[in-house]
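Before any comments, here is the structure.
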Amino acid sequence: MNARINYFTSPVAGKALKYFMAVGRELKESPLPAATQELVALRVSQINGCAACIDMHTKEAVAAGESAVRLNLVVAWREATVFTDAERAALALAEQGTRTADAATGVDDDTWAYAATFYDEEQLTALVMLVSFMNAVNRLNIITQQPAGDYKPGQFH
Numbered sequence: 048m049n050a051r052i053n054y055f056t057s058p059v060a061g062k063a064l065k066y067f068m069a070v071g072r073e074l075k076e077s078p079l080p081a082a083t084q085e086l087v088a089l090r091v092s093q094i095n096g097c098a099a100c101i102d103m104h105t106k107e108a109v110a111a112g113e114s115a116v117r118l119n120l121v122v123a124w125r126e127a128t129v130f131t132d133a134e135r136a137a138l139a140l141a142e143q144g145t146r147t148a149d150a151a152t153g154v155d156d157d158t159w160a161y162a163a164t165f166y167d168e169e170q171l172t173a174l175v176m177l178v179s180f181m182n183a184v185n186r187l188n189i190i191t192q193q194p195a196g197d198y199k200p201g202q203f204h
């Protein structure tokens, strides 16, 4: 499979993505726990069907020591016993923030309040930014049919 656009050779993409990807690098340094960041990025990408991002975040999580069991259960996190309450709150917020067309209201007050019991304002800000960023990256990759499978951990960070 070949991508419709090669972001690495496009002058337009090169200029814009330099700044866009800087957001991703900054979020990595946020106070939101790294494991939570990867779980959220993976779940948003699963919902959106972004193969390139699923490939990337699965591999990044494994490189950071995440277990195969937890990664395989992200898709069914509600029924899985391997996630903390804080991770569940982040995943719930990520799902509602991603499925805005389905929910029509975005993140409801109960989900926000539950997440706020585990994360302070800076962490919540990072979580919201991460969900938004991942949705944007997913769309960039899906529209242009970016292929998956060749990502190497650390490749873009």
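Sequential numbering of the sequence shown, starting at 48, is according to our numbering. Where a beta carbon is used, it is the ideal one built from N, C-alpha and C, also for glycine.
| Item | Value |
| --- | --- |
| Cα-Cα separation, Ala-111 to Gly-201 | 10 Å |
| Three or more C-beta pairs below 8 Å linking the region 130 to 147 and the region 98 to 114 | no |
| Spatial distance of Asp-167 from Ala-82 (CA atoms) | 17 Å |
| Whether Glu-73 touches His-104 by CB criterion (8 Å) | no |
| Backbone CA spacing between Met-48 and Lys-199 [nearest angstrom] | 18 Å |
| Candidates Gly-96, Ser-77 and Ala-88, of which the one nearest Lys-106 by Cα | Ala-88 |
| Nearest candidate by alpha-carbon position, reference Gln-93, set Tyr-66, Ser-114, Gly-71 and Val-122 | Val-122 |
| Burial state of Asn-51 (16 or more Cβ within 10 Å) | Reading off the sequence, residue 51 comes out as Arg, not Asn. With fewer than 16 other Cβ atoms within 10 Å, it is exposed. |
| Segment contact flag, the region 165 to 184 with the region 61 to 80, C-beta cutoff 8 Å, min 3 pairs | yes |
| Residue range of the unbroken alpha helix (DSSP H) whose run includes Arg-90 | 81 to 95 |
| DSSP state of Pro-200 mapped onto helix, strand, coil | coil |
| Buried/exposed call for Gln-193, threshold 16 Cβ in 10 Å | buried |
| Spatial distance of Asn-53 from Val-129 (CA atoms) | 38 Å |
| Pairwise C-alpha distance: Ser-179 and Thr-152 | 15 Å |
| Span separating the alpha-carbon of Asn-119 from that of Lys-62 | 36 Å |
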